[in-house]
Amino acid sequence: MADDTEERTEMGESTRSVHTAADPDERTGSVQTPIFQTSTYVQRDFADHTGYEYSRTQNPTRDALEAAVADLESPGVPAFGTAFASGMAAISAVTQLLESGSHIVAASDLYGGTARLFDDILSKFGVETTYSNLGPGELEECAQENTRMLWLETPTNPLLHIHDLKALSAKAHERGWLVVVDNTFASPVLQRPLELGADISLHSTTKYVAGHSDLVGGCVVTRDELLNDQIRFIQNTIGAVPSPLDCFLTLRGIRTLAIRMERHCDNAEFIAERLASHPKVTRLLYPGLKTHPGHETAASQMRRFGGMISLEVEGGEAGARRFAAASKLFAIAESLGSVESLVNHPWSMTHAATPEGRRLEVGVTPGLIRLSVGIEDAEDLWRDVENALDAV
Ligand SMILES: Cc1ncc(COP(=O)(O)O)c(C=O)c1O
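Counted the way the working numbering counts, the sequence shown spans residues 583 to 974.
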């Protein structure tokens, strides 16, 4: 559970990233939380233990990670983190709060794997999903008597739509729905959904939180003790827990999260501004640009605008392929949020599992490319992007 002192609220993002859940090990004074690489713990007598019985249920390295993410998502207000073996395991665990026969209202532009879970797995257990752009009046149109959950990403993957978390949370709560926000694209440094009304904020910690493309993980955070009890029960019952080593590496990533996010944002803003006036760019999506339809909402609920840019270039898919092939610093890869820059083709990669009709309907076109802008030098990145655009 997060430390709830006033001091924590007043600290800057970097101080909190460095110090959160970083108490020295009591026995040795080790500055870093040790990797408790154990499956089980010796008990003094039958069921007489230290609080640790079995590592699916509790592990000290995982405890430290869970406390750290909870603290970052909810400084000053007690919150609970529950870590999972991947972002999808975290998402799946949250959907297991639902009863069979319930209904989810979800934003139409979602990570492809989330939509696949909703459409191909949850539907088998009688949980249906309605997708919506959630514009004025649209949430009301999707509401059903059995709706229990509103599922949001903001900024969305890959179109970087911005949803107004305060307004949508209030509307959903009027109807008694749970509000879940996938905060992966923003990170808790840039956006804190629980402060804006969401019940649950979750991450693929694979991305910015860990930040080095060296592990897969997830974490769910809530301030609600009863919800937390249920999520913990699901974590232990389903068993999709992260390894102690992955928890350690994620914690190590967290120490530099705030400073990395500043650099990701600096670099993405720098590149987006230049792309905006480049003649070969035919569509540009970055919430930090004043021309982005969600700019004002993003400015009101995010500290900065993040490190992700999506764009289309001349020549559609062929142009996108030439761009990616010519870039030397943006590696073609799935994933995002790491120190190195990556380029992704949502149509054939991250969103290939989303039915073609829906991809086109929401605007995930064959020509769309998604840049995860890393923390390299901005001028080097721009030179690389300019060269790649020359090849288009
Ligand atoms: C927004 C978002 N949520 C969840 C996930 C799934 O996370 P993981 O790959 O860690 O399972 C991803 C993966 O790309 C993502 O982009």
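In this text, a Cβ means the ideal position worked out from N, Cα and C, and glycines have one as well.
Just so you know, these numbers come straight off a predicted model, no measurement behind them.
- Whose C-alpha, out of Arg757, Leu831 and Gly694, is nearest the C-alpha of Met670? Of the residues Arg757, Leu831 and Gly694, the one whose Cα lies closest to the Cα of Met670 is Gly694.
- Same chain only: Cβ atoms within 7 Å of Thr632, ignoring 5 sequence neighbours per side: Within the same chain, Thr632 has close Cβ partners Tyr623.
- Query: If you run the structure through DSSP and keep just helix, strand and coil, what is Pro663?
  - Reply: For the sequence presented, residue 663 should be read as Gly rather than Pro. Per DSSP, reduced to three states, the secondary structure at Gly663 is strand.
- Can a CB atom of chain B be found closer than 7 Å to the CB of Thr932? In the structure shown, chain B does not exist; there is a single protein chain.
- Query: Unbroken alpha helix (DSSP H) runs of length 4 or more, entirely within the region 886-939: which are they?
  - Reply: Runs found: 898-908.
- Query: Where does Trp964 sit, in a helix, a strand or coil, going by DSSP?
  - Reply: Look at Trp964 here: in three-state DSSP terms it is helix.
- Pull up the CB-CB distance for Val791 and Leu742, whole angstroms please, since I reckon it's below 8 Å. Incorrect: roughly 19 Å between the Cβ atoms, too far for contact.
- Message: Once DSSP output is grouped into helix, strand and coil, what is the label at Met593?
- Response: Judged by DSSP in its simplified three-state form, Met593 adopts coil rather than helix or strand.
- Would you identify the three-state DSSP class for Val763, choosing helix, strand or coil? Three-state DSSP puts Val763 in a strand.
- Query: Could you give the C-beta distance for Thr873 and Phe662, rounded to a whole number, given that I count them as a contact under 8 Å?
  - Reply: Cβ atoms of Thr873 and Phe662 stay farther apart than 8 Å, at about 39 Å.
- Could you tell me the distance, in whole angstroms, from the CA atom of Ser930 to the CA atom of Glu916? C-alpha separation (whole angstroms): 10 Å.
- Bridge partner(s) assigned by DSSP for Met731: In the DSSP output, where bridge partners are listed per residue, Met731 has Ile686 and Leu760.
- Taking the alpha-carbon positions, what's the Leu833 to Pro718 distance? Here the C-alpha atom of Leu833 lies approximately 40 Å from the C-alpha atom of Pro718.
- Item | Residues near Ser882 by beta carbon distance below 7 Å, same chain, minus five either side | For Ser882, where only same-chain residues beyond five positions count, there are no Cβ hits under 7 Å.
- Close beta carbons around Lys789, own chain, < 6 Å, minus the five adjacent residues each side: Short of 6 Å from the beta carbon of Lys789, and not among the five residues preceding or following it, lie these beta carbons of its own chain, in chain order: Thr766, Leu918 and Gly919.
- Task: Figure out for me which residue from Pro657, Glu681 and Asn926 has the closest Cα to the Cα of Ser596.
- Result: The shortest Cα separation from Ser596 among Pro657, Glu681 and Asn926 belongs to Pro657.
- Message: Using a Cβ-Cβ cutoff of less than 8 Å, which residues in the same chain neighbour Gln955 once the five nearest sequence positions on both sides are dropped?
- Response: As written in the sequence, residue 955 is Val, which differs from the Gln given in the question. In chain order, His846, Asn849, Ala850, Ile853, Gly889, Met890, Ile891, Ser923 and Leu963 place their CB closer than 8 Å to the CB of Val955, counting only its own chain and leaving out the 5 sequence neighbours on each side.
- Distance CB(Glu896)-CB(Val974) smaller than 7 Å: Yes.
- Query: Buried or exposed: where does Thr711 fall if 16 or more other Cβ atoms within 10 Å of its Cβ makes it buried?
  - Reply: Buried, since its Cβ has 16 or more Cβ neighbours within 10 Å.
- Message: Since Ile556 and Pro869 should fall inside the 8 Å C-beta cutoff, what is the C-beta to C-beta distance between them, to a whole number of angstroms?
- Response: Nothing can be reported for residue 556: it is not among the residues displayed for the chain, which extend from 583 to 974.
- Query: Looking at Gly669 and ligand 1, is the gap between the Cβ and the nearest heavy atom below 6 Å?
  - Reply: Ligand 1 has a heavy atom closer than 6 Å to the beta-carbon of Gly669.
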